[in-house]
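Going down the list, the sequences are from chains D and X. Using our numbering, the first residue of the first sequence is number 2, and each one after it goes up by one. Using our numbering, the first residue of the second sequence is number 9, and each one after it goes up by one.
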Amino acid sequence: MRKVDGTTAMVWAALILSALAGGVSKALEFAQPGASLTRFASASYEPLYILANAIALYFCRRISRDHQKGSRMRLAWLLMAASCAMALVRHGFEWTTFLMGWHQTARLVSVVSLRQIPTVLAMVLLTAGLIAMWSSLAAIGLGTGFRPRDLVLPLVILALMAAVLPYRGELSDHRSVYPLMRYLQWSSPVVLAVPALISLGLQRISQEMGRSQFADFLRYLAWSLLLRLASLLATFTPVLKSVSVLAVAGTAAFWAAPWLFVLAVEQRWRITKSVSELTEVYVRNPQEAFAMSVSNPHLFHAEPPDPRK
Amino acid sequence: MHHDISEQEWLDYVSGVLAPARAAFIRSHAATCVKCARTLGSFAEWHDLMMQEGSRLRSALELPSDEMESFIADSVEAICAGERPGSRSWSWSVAEGLFFMRVLMEPICGAGTARASIKLAVERSTTRSEGGLCRRNWQLFVANLSEVVASICGLAAGSLVKHAGASLAIAGA
């Protein structure tokens, strides 16, 4: 049975708890609409997003250092780190304005709507990071082939995006006094769909790679981006959000999505960690290294070293 | 190489990644040629052994560091307890070395990436005049492979490939 690393288990726990909390907050909206507890519960995803993005930022920074300066993969991780930092700014700003009570005042359509700037910037940076990652993988010949069935999921995403577009008026900042904020808000289904489309390419690459830690990372990454888009659809489309079960599930997915991203980057960080440990054994104990042992028959039946020594 | 079948082709055949037409040729040829049937048997045995160790390596990447050392020693013992086919010394043929690199990389970046990276590194390390990968250009190949792996999986993975590849004693010609 595969062992689950302690950090991975904690991230999974955070994901499940966030999803449950999201579901409960939405259920409260149905049970006690307008109550102050309900309002507080509905906005409580902000500190969770702040925590998730801070953890993701930490991993992205560390992973970027594992890539050569000037390489495309390093650029990809730096862009993703910048995206996490921008998401931190956005949720920090939103949570602060909520705690100051500005969401109940006219400031909601002025100062608060400025959150659209870091929101869109975070998605643009993430998209650029994904493109850099894809181009790095394509450089060794991965993800360049095309099969007709590869078109199916992108078409589904484009259809979902088309389904959300007519309801852009339902989004939070559509009444902003600043025209730019309104345009940025209206663009949000598109800026969510583009990384989701790229993530499908990465998911396809993960299949080409075969079973491995890196492929697991790409899969989690793709799922986190698809979940964000699906949750947007479930929470903002009037037809879907009127169905309580779908609204609860959509909110749960929205609360869980950043943790799936954390899970993805943590999976990638584990490659660096475990490979470094294995390399250390090669460097520290050449006697045990494969080839040197094979080239010397006297070492074949050497006793395994006592790890306590 | 004998009967126009290279070591790499034998390994690709037993790994199931050889082009169907070429695989069909090898299958029908091995059915009639005693020498090639014996070679195929040897490579198949070697392949199974490496696959077992690959699977152990996969689990080892989940192991805490204090268990890693005993795992490596166990792996060495397990591989070396079996008779390595086609070899008269304890050094590795180029094809065996390539196969080991592939097994080492698979748990990290997958079989597809390992194949693509090795192909690219071989292309970068060989010239037509040299006629392919050999002992002479093995270290260059390892350096190129390490660079390719590092570009995808990071410097740590590239370093592992470099150390493991450089420590293989590749037999001449």
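Even glycine gets a Cβ: it sits at the ideal position worked out from N, Cα and C. This one's a predicted model, so the numbers in the text were calculated from it and none came from an experiment.
Counting C-beta atoms within 10 angstroms of its own C-beta, M124/D has 16 or more neighbours from the protein chains shown and is therefore classed as buried. Against chain D, the beta carbon of E114/X has neighbours under 9 Å at G211, R212, S213, listed in chain order.
Beta-bridge annotation (DSSP): I178/X is paired with W100/X. For G162/X, the C-beta contacts it makes with chain D under 8 Å involve I64, D67, H68, M74, I272, T273, V276, in order along the chain. Cβ-Cβ separation between Q204/D and A223/D: approximately 4 Å, consistent with a contact (criterion under 8 Å). By the CB criterion at 8 Å, V284/D and L185/D fall outside the cutoff. For L131/D, none of the residues of chain X pass the 9 Å Cβ criterion, the least Cβ distance being about 15 Å. At the C-beta level, S207/D and L219/D come within 8 Å of one another. Taking the Cα of L58/D as reference, the smallest distance to any Cα among T39/D, W78/D, A36/D is reached at W78/D.
Of all residues in the segment 119-136 of chain X, only A119, G120, T121, A124, S125, L128 place a beta-carbon less than 7 Å from a beta-carbon of chain D. The same chain holds no residue with a CB closer than 7 Å to that of G24/X once the five nearest residues on each side in sequence are set aside.
The straight-line gap separating the alpha-carbon atoms of M182/D and A164/D is approximately 22 Å. Under the Cβ distance rule, I141/D counts among the residues neighbouring chain X, one pair being separated by less than 8 Å. About 7 Å separates the Cβ atoms of V169/X and M109/X, confirming a contact at the 8 Å cut-off.
Here P190/D is buried, its C-beta having at least 16 other C-beta atoms within 10 Å.
Chain order gives the chain X residues near L138/D as I160, where near means a beta carbon separation below 7 Å.
L143/D is the residue among S275/D, P259/D, L143/D whose C-alpha sits nearest the C-alpha of S159/X. With a 10 Å radius around the Cβ and a threshold of 16 neighbouring Cβ atoms, V195/D comes out buried. The C-beta of A31/X comes no closer than 8 Å to any C-beta of chain D. Cβ contact annotation for R30/X (same chain, cutoff 6 Å, sequence separation greater than five): none. Under the DSSP assignment, L76/D falls in the alpha helix (DSSP H) whose first and last residues are 73-100. At a C-beta separation below 8 Å, C44/X has no neighbours in chain D, since its nearest C-beta there lies roughly 26 Å away. Among the residues of chain D, those whose CB is under 8 Å from the CB of A165/X are I272, T273, V276, following chain order. Closest in alpha carbon position to N152/X, among F33/X, S125/X, W18/X, is S125/X. With its beta carbon at least 8 Å from every one in chain X, V12/D lies outside the interface. Rounded to the nearest whole angstrom, the C-alpha separation of Y221/D and L264/D is 7 Å.
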